[in-house]
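Residue 4 is where the sequence shown starts when you use the working numbering, and the numbers rise one by one after that.
A virtual CB, placed ideally from N, CA and C, is assigned to each residue, including glycine.
Quick notes on the structure that follows.
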Amino acid sequence: MDRVCWNPIEQLDWKEARKVQEQKLATQLRYLAERSIFYQRRFRAAGIALDAIRHVEDLERIPFTTKQELRDSLKEGPPLGLHLAADPRSVLQIQSSSGTTGSPSYVGLTRRDIETWSEMGARVYFANGFRPGDVCLHAFSMSKGFVGGVPVLQILLSMGVADIPVGADAGTERLLRAAFDQRPNALTGTPYFLLYLGEKAREVVGVDARDLWVRKISVGGEPGGGIPSVRQKIEELWNADVREMCGGTDLGCTYWAECEDKSGMHYLCPDLILVEIIDPATGEVQEVCPGLKGELVYTALEREASPLLRFRTGDHVEVTGTDCRCGRTGYKIRVVGRTDDMLIVKGVNVFPTAIKDVVASFEPRTTGAMKVVVDFPGHSTQGPLKVRVEHGDSVKGGELATLKADVEKKLRDALSFRPEVELVPPDTFEKPGVQKVSLIERVPVVGEG
């Protein structure tokens, strides 16, 4: 019989999983207290006695770790920061973030850390439908130290999946030529780039993407895979099953993934990462239940080089379910957006990804491409929110005014804010590639230096 999960712990009873977490948490805390200058300082400053942290619930006594604190740590203790807890000579691999919310952050990995990242990623890709013997075209960036590059390669090889590491950096033509020549049955990359590849296939290799051999696709790196209209378009272009995954450089390459039910991404690694969902405004830990919205907070449970404790990710998620017919016991989420991207329009929280979802629902009257124009300081405005939307090729003349009104009405009804839509021609915005697609266009504010 075929295995259902990569690791049996994915189906472990939640109470038993909690016991595993508490055992590993105690070990990780002792390790931090002995080896991490960063956390030694924090424990002293907060007056924390580690013997008082016996249960997961006790973690609330410990302050959060923020991205800015990690950047400060990197500056104070180069090259890998004061939060490096392993002998520098044991660090065999260094990865970096994309730096989309600031300067790049660097993360060290020991041999054991590499194995842990590969284990987490194998659970993810298995849930996404990948199996030993598959051949995968690698369309994440292979450069700049991003975790979609070498770490994904290591994950796939550890599973027995053949990887074709062309990478997004090689460009559209090289990737599509590899898809035509090597006949991979699997594909992985960012959703908008894979959508673009699918649209360009006939032009580049003379056949539609659906007539190539790809039948399973794993997307991540940006929220598009969770937008129904985007997923549907990718599936139709490639005639393939599309499933979403996510993770983050600071804790691992990837560790959440959709199964065949495609109703949210499962929490797959309770033995390796402890997850809390907090109210982003108060910092209070929330009880997990369907419909809960909050910010993800991570604690590493089996990390040597750069273990993090109560790391605030800035990722806002919604819990979509707490059980699943696949048998996995980890609850499921979808990503709503990031703290850095959230805008407040007359007191209403608005995420660009939610606007994107509405705009994409108008295809083919729109191309699905859009930008939120932020012409005000900070993240809050009292005026209407400007949204630039690419109209479809076939929309002409008086149809433009009707489309503008329709999009504005649906945005008002669905998201409770007042939009000001500007329609622009197709191909106005940059095409996806190595960099993630930004849904925000910031313009200079008059009077600001």
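Own chain, CB closer than 8 Å to residue i, minus 5 neighbours either side, in chain order
{"i": "Q14", "result": "V7, C8, G330, R331 and T332"}
{"i": "G452", "result": "With a pLDDT of 44 at G452, under the threshold of 50, the predicted position of this residue should be treated as unreliable, though the coordinate-derived value follows. Nothing listed; no residue qualifies."}
{"i": "G286", "result": "F67"}
{"i": "E225", "result": "T193, P194, Y195, K439 and V440"}
{"i": "E366", "result": "S232, K236 and G395"}
{"i": "I347", "result": "V353, H382, S383 and T384"}
{"i": "G325", "result": "The identity of residue 325 in the sequence shown is Thr, whereas the question assumes Gly. Same-chain partners within the cutoff: V291, C292, P293, Y334 and K335."}
Where residue i falls, given that 16 or more other Cβ within 10 Å makes a residue buried
{"i": "S146", "result": "exposed"}
{"i": "K396", "result": "A small correction: the amino acid at residue 396 is Asp; Lys does not occupy that position in the sequence shown. By the neighbour-count rule (16 or more Cβ atoms within 10 Å), D396 is not buried but exposed."}
{"i": "E279", "result": "buried"}
{"i": "D360", "result": "buried"}
{"i": "E393", "result": "buried"}
{"i": "S100", "result": "buried"}
{"i": "L240", "result": "buried"}
{"i": "P82", "result": "exposed"}
{"i": "Q71", "result": "exposed"}
{"i": "G400", "result": "exposed"}
{"i": "E247", "result": "buried"}
{"i": "P380", "result": "exposed"}
{"i": "C292", "result": "exposed"}
{"i": "A363", "result": "buried"}
{"i": "S106", "result": "exposed"}
Beta-carbon contacts of residue i that lie in its chain and below 7 Å, excluding the five residues immediately before and after
{"i": "M4", "result": "Its pLDDT being 43, under 50, M4 is placed unreliably in this model, and the value from its coordinates should be taken loosely. Cβ within range, chain order: n/a, list empty."}
{"i": "P422", "result": "P387, L388, V390, E411, L414 and R415"}
{"i": "Y258", "result": "M123, V127, G250, L271, C272 and I276"}
{"i": "R328", "result": "D264"}
{"i": "R234", "result": "G228 and V245"}
{"i": "L426", "result": "V392, H394, L403, L406 and K407"}
{"i": "L304", "result": "Q24, K27, L28, Q31, D274, L275, I276 and L277"}
{"i": "W17", "result": "T332"}
{"i": "V424", "result": "V390, V392, K407, V410 and E411"}
Where residue i sits in the DSSP three-state scheme
{"i": "M162", "result": "helix"}
{"i": "L112", "result": "strand"}
{"i": "D244", "result": "strand"}
{"i": "P168", "result": "coil"}
{"i": "S93", "result": "helix"}
{"i": "D54", "result": "helix"}
{"i": "M268", "result": "strand"}
{"i": "K68", "result": "The sequence shown places Thr at residue 68, rather than the Lys named in the question. In this structure, T68 counts as strand in the three-state DSSP scheme."}
{"i": "K407", "result": "helix"}
{"i": "E37", "result": "helix"}
{"i": "E25", "result": "helix"}
{"i": "F149", "result": "coil"}
{"i": "W259", "result": "strand"}
{"i": "T384", "result": "strand"}
{"i": "G286", "result": "coil"}
{"i": "G124", "result": "helix"}
{"i": "E433", "result": "coil"}
{"i": "W9", "result": "coil"}
{"i": "V210", "result": "coil"}
{"i": "L156", "result": "helix"}
{"i": "I230", "result": "coil"}
{"i": "F196", "result": "helix"}
Proximal residues to residue i (C-beta, below 6 Å), its chain only, five neighbours per side dropped
{"i": "F41", "result": "S76, L85 and H86"}
{"i": "V340", "result": "It should be noted that the sequence gives Gly, not Val, for residue 340. Cβ neighbours of G340 beyond the five flanking positions: H319, F354 and T356."}
{"i": "K296", "result": "E321"}
{"i": "G255", "result": "W120 and M123"}
{"i": "V300", "result": "E279, I281, R313 and R315"}
{"i": "A89", "result": "T113, E307 and A308"}
Residues that DSSP places opposite residue i in a beta bridge
{"i": "T332", "result": "In the DSSP output, where bridge partners are listed per residue, T332 has none listed."}
{"i": "L190", "result": "L140 and I220"}
{"i": "T369", "result": "H394"}
{"i": "T496", "result": "There is simply no residue 496 to check, as the chain begins at 4 and stops at 452 in what is shown."}
{"i": "K389", "result": "V376 and E423"}
{"i": "G201", "result": "Answer by DSSP bridge pairing: none, since G201 is not bridged."}
{"i": "H319", "result": "E298 and G340"}
{"i": "F314", "result": "T68 and Y301"}
{"i": "R445", "result": "V377"}
{"i": "S99", "result": "Y109"}
{"i": "L346", "result": "V353"}
{"i": "G251", "result": "G255"}
{"i": "G324", "result": "K335"}
Requested in this report: Determine, using beta-carbon pairs with one atom in the segment 50–70 and one in the segment 261–271, whether at least three such pairs fall under 8 Å.
Outcome: no
Query raised in the report: Is the segment 170–186 close to the segment 199–212, with three or more CB pairs under 8 Å?
Result: yes
Query raised in the report: Is the segment 369–387 in contact with the segment 299–316, if contact means three or more CB pairs nearer than 8 Å?
Result: no
Query raised in the report: Touching or not, the segment 130–144 and the segment 215–235, by the rule of three or more beta carbon pairs under 8 Å?
Result: yes
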